[in-house]
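Chains as they are written, first to last, in my numbering: chain X, 3 to 389; chain E, 9 to 180.
Written out as structure tokens, the structure reads:
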């Protein structure tokens with residue numbers, strides 16, 4: 003039986019046109035975009051073409067405001083550390099939310115070791131930041147606000163435009179981690195009004211190991227990597243041209259297909275949530291009921307633990323992800339689930355189900371059927387289940 | 009990730025369930041840590057006549073419980089007391105390193121169940137151990153506070169640990 007992939011978040015499958023473009027690029031023996039000879043020129047042209055495709059996807063006024071990186075994590079590190087280090091004379095205060103990705107949280111932790119102060123704003127039970135809380139947290143020392151566009155565990159979308167209005171008025175740089183949004187839902191840097199925005203190709207059917215950062219011109223930041231003058235002098239090192247070509251093609255098809263992909267995903271999401279509610283008792287659907295990613299469902303299944311569910315589903319060739327502490331390796335319950343008031347035990351039984359253009363209604367039906375049995379088996383074993 | 013023996017015990021766990029009017033019950037773990045295990049014993053002539061378990065936890069925790077019940081069944085109490093978490097892990101052909109701490113609680117639960125049986129026989133009543141672990145404030149007002157999970161310094165009003173990302177408010 004063909005495996006059912008409900009773990010798109012871990013890695014999207016590569017689009018066929020992305021695969022073809024990358025294979026052709028490997029065969030073509032592309033040169034180095036920085037070389038002055040003709041082969042180099044051609045490589046540079048290819049690079050800039052991908053940058054233009056990416057600019058269209060996020061409506062960046064100039065492609066030059068985009069730098070390519072090794073992915074979301076590097077982009078986030080670059081944005082936060084880069085702004086922090088460039089502004090130490092102005093202040094050392096950073097504002098964030100308490101449901102950010104570890105790439106943000108741990109970057110800020112590192113800065114805290116260098117005497118930066120942090121205010122972490124709480125979210126409501128749907129996982130939304132209240133922009134007024136950001137406004138209240140601003141001090142004269144504040145040099146950066148960083149809030150994610152959508153949450154990678156519960157899918158909730160944040161009021162980025164409203165937050166940006168506040169930061170612009172106060173002239174504070176605003177970074178948005180949009181890794182799980184770019185290429186999935188409309189992200190328009192001009193409309194949002196952000197100064198920095200991180201993205202990753204593997205969230206929109208492009209390759210892993212390549213992503214980028216939008217940097218509004220005039221935003222001062224230090225490069226994370228020093229060396230050559232690549233990427234507008236903001237990211238040294240010869241570009242990962244083959245990956246970037248894949249990213250460019252993926253960006254083009256995201257522009258073309260976003261609406262139809264989301265129409266498809268929303269239908270599956272509705273079916274999945276309804277099916278979960280019909281098939282399994284004592285569950286919570288996490289995240290905002292409307293303001294949420296179309297391709298993600300987070301469900302807390304009470305009285306059982308997530309890794310066991312994942313392993314049993316895997317036996318039936320169904321791939322999902324869990325936010326249980328045991329599976330995470332860190333042995334800690336998800337900070338996102340605790341932030342939206344799930345208790346420790348319920349956080350343990352949480353699945354993150356992500357899907358995409360190749361997922362069918364039959365996949366959802368089979369998943370629900372298998373999941374129902376798995377939950378029954380595990381609950382029969384659980385000392386917490388008293389029915 | 010797991011050995012084939014672990015996967016076998018996880019997929020086909022032995023001795024799942026509860027024993028009505030059990031002679032001894034042992035409970036370990038808490039949801040904060042991730043795993044909870046309850047062992048039920050039926051004792052006859054100082055030997056384990058029957059043993060059952062209920063476990064909330066990952067694949068390793070379920071496999072540990074299952075293997076433990078197999079190892080303990082039929083043993084005299086003196087023999088059963090010699091079973092250790094280490095010997096259960098060895099019988100499972102090893103466990104991933106990060107699971108040794110939290111999921112390998114089977115022998116502890118067994119020993120508590122045996123103690124429960126012996127206490128009852130001797131007429132000793134012990135307070136039931138609490139399952140919930142709370143972060144106790146052991147520092148002075150205005151003193152330094154550390155994250156209970158990763159030990160990095162945090163401040164009183166931190167909502168989450170900047171070190172490990174763990175929420176602090178509920179524990180604080």
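C-beta: ideal position from N, C-alpha, C; glycine also.
Contact annotation: the stretch 333-342 of chain X does not touch the stretch 367-375 of chain X, with fewer than three C-beta pairs closer than 8 Å. Taking C-beta separations shorter than 7 Å and ignoring five residues to either side along the sequence, the partners of residue 386(X) in its chain run 305 and 347, following chain order.
From the listed residues 55(X), 52(X), 32(X) and 178(X), the smallest Cα separation to residue 44(X) is found for 32(X). Between the alpha carbons of residue 321(X) and residue 117(X) lies a distance of about 42 Å.
Counting along the chain, residue 387(X) sits inside no alpha helix (DSSP H), nor does DSSP assign it H or E at all. Counting C-beta pairs closer than 8 Å gives three or more between the stretch 144-162 of chain X and the stretch 93-100 of chain X, which meets the contact rule.
At a cut-off of 8 Å, the C-beta of residue 5(X) has no neighbouring C-beta in chain E. Ranked by Cα distance from residue 164(X), the options 182(X), 140(X) and 134(X) are led by 134(X).
Here residue 21(E) is buried: its Cβ has 16 or more other Cβ atoms, across all protein chains shown, within 10 Å.
For residue 70(E), the neighbours in chain X by C-beta distance under 7 Å run, in chain order, 310 and 383. Under the DSSP assignment, residue 45(E) falls in the beta strand (DSSP E) whose first and last residues are 44-52. Residue 82(E) has a beta carbon lying at 8 Å or more from every beta carbon in chain X. For residue 306(X), the chain E residues whose Cβ falls inside 8 Å of its Cβ are 64, in order along the chain. Contacts between residue 313(X) and chain E, judged by CB atoms closer than 7 Å, involve 18 and 67 in chain order. Annotation for residue 125(E): the continuous alpha helix (DSSP H) segment containing it runs 114-130. In terms of Cα proximity to residue 19(X), the closest of 255(X), 292(X), 364(X) and 359(X) is 255(X).
Ranking 108(X), 125(X), 35(X) and 359(X) by CA distance to the CA of residue 265(X) puts 359(X) first. Against residue 24(E), the close residues of chain X are 382 and 383, in the order they occur along the chain (beta-carbon pairs closer than 8 Å).
At least one beta carbon of chain X lies nearer than 8 Å to the beta carbon of residue 21(E). Secondary structure note for residue 96(E): its alpha helix (DSSP H) is the uninterrupted segment 93-99.
The contact set of residue 317(X) on chain E, defined by CB atoms closer than 8 Å, consists of 19 in chain order. Residue 310(X) sits away from residue 353(X), with the two beta carbons spaced by 8 Å or more. Rounded to the nearest whole angstrom, the CA to CA distance from residue 62(X) to residue 326(X) is 38 Å. Within the same chain, and ignoring the five residues on either side of residue 230(X) in sequence, the residues whose Cβ sits closer than 8 Å to its Cβ are 36, 238, 239 and 240.
For residue 102(X), same chain residues with a beta-carbon under 6 Å away, outside a window of 5 residues either side, are 150 in chain order. Between residue 243(X) and residue 86(X), the C-beta gap is not smaller than 8 Å, which leaves the two residues out of contact.
At a cut-off of 8 Å between beta-carbon atoms, residue 326(X) makes contact with chain E.
By the C-beta criterion, the stretch 291-305 of chain X is judged to be in contact with the stretch 259-279 of chain X, since at least 3 inter-stretch pairs fall below 8 Å. Around the beta-carbon of residue 3(X), fewer than 16 other beta-carbon atoms lie within 10 Å, marking it exposed.
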